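Student:
In our numbering, the protein residues as written are 1 to 243.
What follows is the structure in structure tokens.
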């Protein structure tokens, strides 16, 4: 009987140190592309979701259409989504980024809107009583108080994007998904397992980074108190003097 080969690559083991050492640059390139696609797509989704949430909060009649459209987009299968975007963006990384950004909208819009709606009425009244204009009240009072709910949606959207990025392998821009699909086609066990584990690692690392960012943005939660509006100039009276 022939002895099994000593090389784990030749044996096609699931866990193989030789694979890591011989494909290090390939893995690094795939990880870099995966992270880039994820971060850019979620960033684009956030840039679109914030104005939509603000619009829905300001004009209540738009809540239904905004949430309805973003929910419908989320229900479209990923392969169908990429097929619909293909005539516009072609076989490019932009196709994957836009597709993932559209998927993130429902999570981001809902959570940002929930955070804004959850701002205590007394916080708004205190800001108005101190002479805050609507924009200043939004930036310094309402958005900071909405951060916890918004970050919850951002964390979920980011983890989901890490997983969905792998589907981009169908157009050649899937990051680690390219390695997973190639490994599945050739039954290359070490490649499939390594790329899959790295996807999990990326998701965990990004989630922890966002959790840390949330803690930095909400110091009052660690202190067990709520943020207070910063005193500003008193509103002028009709005679032009300070009240």
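Using N, Cα and C, we set each Cβ at its ideal position, and we do this for glycine too. Bear in mind the structure is a predicted one, so any value in this text is a computation, not a measurement.
Please report how far the alpha carbon of residue 203 lies from the alpha carbon of residue 210, in whole angstroms.
Tutor: 11 angstroms
Student: For the alpha helix (DSSP H) holding residue 44, just list the boundary residues, first then last.
Tutor: Residues 24 to 58.
Student: In its own chain, which residues sit with a C-beta less than 7 angstroms from the C-beta of residue 171, not counting the 5 before and 5 after it?
Tutor: 82, 91, 95 and 96
Student: Does the Cβ-Cβ distance between residue 143 and residue 45 come in under 9 angstroms?
Tutor: no
Student: I need the straight-line Cα distance from residue 186 to residue 13, nearest angstrom please.
Tutor: 13 angstroms
Student: Are residue 206 and residue 39 closer than 9 angstroms when you measure CB to CB?
Tutor: yes
Student: Rounded to whole angstroms, what is the Cα-Cα separation between residue 11 and residue 194?
Tutor: Distance between residue 11 and residue 194, taken at the CA atoms: about 16 angstroms.
Student: Does the stretch 145 to 158 come within contact of the stretch 106 to 114, defined as at least 3 CB pairs closer than 8 angstroms?
Tutor: yes
Student: Using three-state DSSP, classify residue 151 as helix, strand or coil.
Tutor: helix
Student: Of all the options 177, 153, 150 and 149, which has the alpha carbon lying nearest to the alpha carbon of residue 248?
Tutor: Here the chain covers residues 1 to 243 and nothing more, so residue 248 does not appear.
Student: Specify the secondary structure class of residue 119 as computed by DSSP and reduced to three states.
Tutor: Residue 119 carries a coil assignment under DSSP once its states are collapsed to helix, strand and coil.
Student: According to the Cβ coordinates, are residue 113 and residue 63 closer than 9 angstroms?
Tutor: The beta carbons of residue 113 and residue 63 sit closer together than 9 angstroms.
Student: Are residue 198 and residue 27 closer than 9 angstroms when you measure CB to CB?
Tutor: yes
Student: When DSSP labels each residue in this structure, what does residue 91 get in the three-state scheme?
Tutor: DSSP places residue 91 in the coil class of the three-state scheme, outside both helix and strand.
Student: Please list, in chain order, all residues of the same chain as residue 50 whose beta carbon is under 7 angstroms from its beta carbon, the five residues on each side excluded.
Tutor: 112
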